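Visitor: Encoded as structure tokens, here's the structure I'll be asking about.
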Amino acid sequence: MAGWTVARRARSYTEPAMTEDKPSLQIHLIAGEASGDRHAAELLRELRKLYPRARFGGVGGRHLKAAGQEQLFDLAEHAVVGLTDVLLNYRKFKRLFDRLAADIEARQPDAVIFVDFPGFNLRLAARLRRRLPTTKLIYYISPQVWAWKAGRAKQMEAILDHLLVIFRFEKDWFAERAPRLPVSWPGHPVLDRWDDDAAGISPEDGAERVALLPGSRRREIEAHLPIVAEAARQMALARPGLKFVLLAADMERRQQIERMLERKGLGHLPLEIRMGYALTHLSRCRLALVASGTATLECAVAGLPMLILYKVNPLTYWVGRRLVKLPYIGMVNVIAGRKIMPEFLQDNADAGKLAEAARRLLDSPEALEKMKGELAAVRATLGEPGVNARAASAVRDVIEGRKAG
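Counted the way our numbering counts, the sequence shown spans residues 24 to 428.
As structure tokens, this is what we get:
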């Protein structure tokens, strides 16, 4: 940032390497969940191309650490699901919040990039706006305030220097409700994963495979894995030769899945467990049973028809149904404006119902083709590959005082 001096940024840590006339940039990224950690890591790699001398700090998970983040602690491992978990873990998150905020305030970075995780990140952004008035505050992957808490748009307008959204409709939504907030739409980052994976695709491999995606968080897996695994057992009995690909976010989640399958006597299922939601694996399948979240969009990009399920604590569900203003939970259905993929929520997230719905679809090539056509229309709304590079360019424009596109 122009006009900053070394003295302003000197603190009790190793001073960044310097060019001849100005210190290296400090950019902090804050991600608190597995999906946000991955998105942030992809963005960091593009930012490093623009700023090879920059120091990247903050908190996240294993993906950000592997990308070169100087991590204060792993925030992604503390991810929770729903109101009950948030309340039970309030004191822990308060300690983490205070520790992180104090560290950022001491280091006074040039920019802080908040990635998703709104309950934590918006509070942190508001505090940093008060304490670090010249630091650029950039939000990547907007909180879904169009679904609930629309009043947050004005709060974001007051504290953020720039907002990067991943859905096209979000730019217009914020333009109407927070007109002074600069907003860019680079596209959805899942498109870059498809571009990277495309060379390894063998479509003919997926003739008799079903993908199982129970979620990326520990609590999600606890809720969803027994349902999708039992559905898979019933499907395998009814359709001999059917195989399954179960996708785990990381090694810790994989080990959790393996333990749960053994405890429930389902270790014999004809399935392979793969790491990450790689699109190459999805492209080998004919159908997916998928927990609502980013994975539904990865299925959409892969053109993979899906049955969407989601189950949470009853209190969380009761509160959510009264606050969220959308008729659907799956993002593919939200984008389409209608239910193009079946949803099985809460008590309706039943293994028998999922198995029967899957059987009908696998027996109907025409129905699967129709679903693929619907997903192609959703895919067309997400933009084009090169998303992370465009997002990084927008971040550079904000840091350097130019109007981001």
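Here a beta-carbon is modelled for each residue, glycine too, at the ideal position from N, C-alpha and C. In this text, all values refer to a predicted model and were calculated from it rather than measured experimentally.
Look up F143 in the DSSP assignment and say whether it is helix, strand or coil.
Guide: The count along the sequence shown starts at 1 and reaches residue 143 at position 120. It is helical.
Visitor: Below 8 Å on the Cβ atoms is my guess for F192 versus Y163; work out the distance and round it to an integer in Å.
Guide: Here residue 192 is taken as the residue at index 169 of the sequence shown, counted from 1. Here residue 163 is taken as the residue at index 140 of the sequence shown, counted from 1. That pair is no contact at about 17 Å.
Visitor: Is the beta carbon of I250 closer than 8 Å to that of A271?
Guide: One-based indexing of the sequence shown puts residue 271 at position 248. One-based indexing of the sequence shown puts residue 250 at position 227. No.
Visitor: Relative to the C-alpha of K362, which candidate in D133, F190, M329 and H185 has its C-alpha closest?
Guide: Along the sequence shown, read from residue 1 onward, the residue named residue 362 stands at position 339. When each option's Cα is compared against that of K362, the closest is M329.
Visitor: Using 10 angstroms around the beta-carbon of D195, count the other beta-carbons present and answer buried if the total reaches 16, otherwise exposed.
Guide: Here residue 195 is taken as the residue at index 172 of the sequence shown, counted from 1. By the 10 Å Cβ count, D195 comes out exposed.
Visitor: K115 by DSSP, collapsed to three states: which one?
Guide: Looking up residue 115 in the sequence shown gives position 92. Three-state result, K115: helix.
Visitor: In three-state DSSP terms, what is R413?
Guide: Mapped onto the sequence shown, residue 413 falls at position 390. In this structure, R413 counts as helix in the three-state DSSP scheme.
Visitor: If you run the structure through DSSP and keep just helix, strand and coil, what is V357?
Guide: Counted from its first residue, the sequence shown places residue 357 at position 334. It is helical.
Visitor: Which residue spans inside the region 145-195 form an unbroken beta strand (DSSP E) run of at least 3?
Guide: Within the region 145-195, the complete beta strand (DSSP E) runs of at least 3 residues are 159-163 and 185-187.
Visitor: What are the partner residues of V138, as DSSP defines its beta bridges?
Guide: On the sequence shown, position 115 is the one that residue 138 refers to. Its beta-bridge partners are A54 and Y163.
Visitor: Closer than 6 Å by C-beta to M283: which residues in its own chain qualify, once you throw out the five before and the five after it? Chain order, please.
Guide: Within the sequence shown, residue 283 is the residue found at index 260, counting from 1. Closer than 6 Å at the Cβ level, and outside the excluded window around M283, lie L248.
Visitor: Measuring CB to CB, does F267 end up less than 8 Å from L236?
Guide: Here residue 267 refers to the residue found at position 244 when the sequence shown is read from its first residue. Here residue 236 refers to the residue found at position 213 when the sequence shown is read from its first residue. No, Cβ-Cβ distance for F267 and L236 is not below 8 Å.
Visitor: I'd like the ranges of any beta strand (DSSP E) spanning at least 3 consecutive residues and lying wholly in the region 68-98.
Guide: Runs found: 78-83 and 93-97.
Visitor: Check M298 in the structure and name its three-state DSSP category.
Guide: As a first step, residue 298 must be located in the sequence shown, where it is residue number 275. Strand, per DSSP.
Visitor: Distance, Cα to Cα, P395 vs H62?
Guide: To locate residue 395, count along the sequence shown from 1; it is residue 372. To locate residue 62, count along the sequence shown from 1; it is residue 39. One detail in the question is off: residue 395 reads as Lys in this sequence, not Pro. Cα to Cα, K395 sits roughly 25 Å from H62.
Visitor: Which same chain residues end up closer than 7 Å to R150 when comparing Cβ atoms and leaving out the 5 residues on each side of it in sequence?
Guide: Your numbering for residue 150 matches position 127 in the sequence shown. Here the set comprises A124.
Visitor: Mark R383 as exposed unless 16 or more other C-beta atoms lie within 10 angstroms of its C-beta, in which case mark it buried.
Guide: Looking up residue 383 in the sequence shown gives position 360. Burial call: exposed.
Visitor: Ends of the alpha helix (DSSP H) at I244?
Guide: Against the sequence shown, residue 244 aligns to sequence position 221. Taken as a continuous stretch (DSSP letters only), the alpha helix (DSSP H) holding I244 covers R241 to A261.
Visitor: List the endpoints of the continuous beta strand (DSSP E) containing K266.
Guide: Translated into positions along the sequence shown, residue 266 becomes position 243. Here the beta strand (DSSP E) through K266 covers K266 to A271.
Visitor: Measuring only the C-alpha atoms, how far is L6 from G406?
Guide: In the structure as shown, the chain begins at 24 and stops at 428. Residue 6 is therefore absent and cannot be evaluated.
Visitor: To the nearest angstrom, how far is the alpha carbon of E397 from that of T317?
Guide: The sequence position of residue 397 within the sequence shown is 374, counting from 1. The sequence position of residue 317 within the sequence shown is 294, counting from 1. The straight-line gap from Cα to Cα measures roughly 18 Å.
Visitor: Return the Cβ separation of L289 and L269 in integer angstroms, given the expectation that the two are a contact with Cβ distance under 8 Å.
Guide: Position 266 of the sequence shown, counted from the first residue, corresponds to residue 289. Position 246 of the sequence shown, counted from the first residue, corresponds to residue 269. L289 to L269, Cβ: 11 Å. No contact.
Visitor: Near L73, which residues of its chain fall below 7 Å by C-beta distance, leaving aside the five closest residues on each side in sequence?
Guide: One-based indexing of the sequence shown puts residue 73 at position 50. Excluding residues within five positions, the ones whose Cβ falls inside 7 Å are A415 and R419.
Visitor: Here's the rule I'm using: 16 or more other beta-carbon atoms within 10 Å means buried, otherwise exposed. How should S306 be labelled?
Guide: Reading the sequence shown from its first residue, position 283 is the one you call residue 306. Classification of S306: buried, given that the 10 Å Cβ count is 16 or more.
Visitor: Three or more C-beta pairs closer than 8 Å, one from the region 370-380 and one from the region 173-180: is that the case here?
Guide: The answer is no - the region 173-180 does not touch the region 370-380, with fewer than three Cβ pairs under 8 Å.
Visitor: Taking DSSP as the reference, what is the three-state secondary structure of A311?
Guide: Your numbering for residue 311 matches position 288 in the sequence shown. The answer is strand: DSSP assigns A311 an E or B state.
Visitor: DSSP state of A234, grouped into three classes?
Guide: Numbered from its first residue, the sequence shown carries residue 234 at position 211. A234: strand per DSSP, three-state reduction.
Visitor: Pull up the distance between the alpha-carbon of E128 and that of L155, whole angstroms please.
Guide: Here the question's residue 128 lines up with position 105 in the sequence shown. Here the question's residue 155 lines up with position 132 in the sequence shown. So the alpha carbons of these two residues sit roughly 7 Å apart.
Visitor: Using a 10 Å radius around the Cβ and a threshold of 16 neighbouring Cβ atoms, would you call G264 buried or exposed?
Guide: Position 241 of the sequence shown, counted from the first residue, corresponds to residue 264. By the 10 Å Cβ count, G264 comes out exposed.
Visitor: Can you grab the Cα-Cα spacing for the pair L349 / L332, in whole Å?
Guide: As a working mapping, residue 349 is identified with position 326 in the sequence shown. As a working mapping, residue 332 is identified with position 309 in the sequence shown. Answer to the nearest angstrom: the Cα atoms are 16 Å apart.
Visitor: Can you tell me whether G229 is buried or exposed? The criterion is at least 16 other CB atoms within 10 Å of its CB, across all chains shown.
Guide: Locating residue 229 in the sequence shown gives position 206, counting from the first residue. Residue placement at G229 is poorly supported in this model, since its pLDDT is 44, which falls under 50; the coordinates still yield a value, given next. Buried, since its Cβ has 16 or more Cβ neighbours within 10 Å.
Visitor: From L70 to V342, what does the alpha carbon distance come to, in whole angstroms?
Guide: Here residue 70 corresponds to residue number 47 of the sequence shown, with the count starting at 1. Here residue 342 corresponds to residue number 319 of the sequence shown, with the count starting at 1. Approximately 39 Å, taken between the alpha carbons.
Visitor: Run the CB neighbour count on E199, radius 10 Å, all protein chains shown included, and call it buried at 16 or more, exposed below.
Guide: As a working note, residue 199 is residue 176 in the sequence shown. Flag for E199 reads exposed.
Visitor: Cutting at 6 Å between CB atoms, please list the residues of its own chain near R413, excluding the five before and the five after it.
Guide: Start at 1 with the first residue of the sequence shown, and residue 413 comes out as number 390. Cβ within range, chain order: P209.
Visitor: I need the DSSP call for I127, collapsed to helix, strand or coil.
Guide: Position 104 of the sequence shown, counting from 1, holds the residue named residue 127. Three-state result, I127: helix.
Visitor: For A201, which residues from the same chain have a beta carbon less than 7 Å from its beta carbon, with the 5 sequence-adjacent residues on both sides left out?
Guide: On the sequence shown, position 178 is the one that residue 201 refers to. Correct list, in chain order: A176, K177, M179 and E180.
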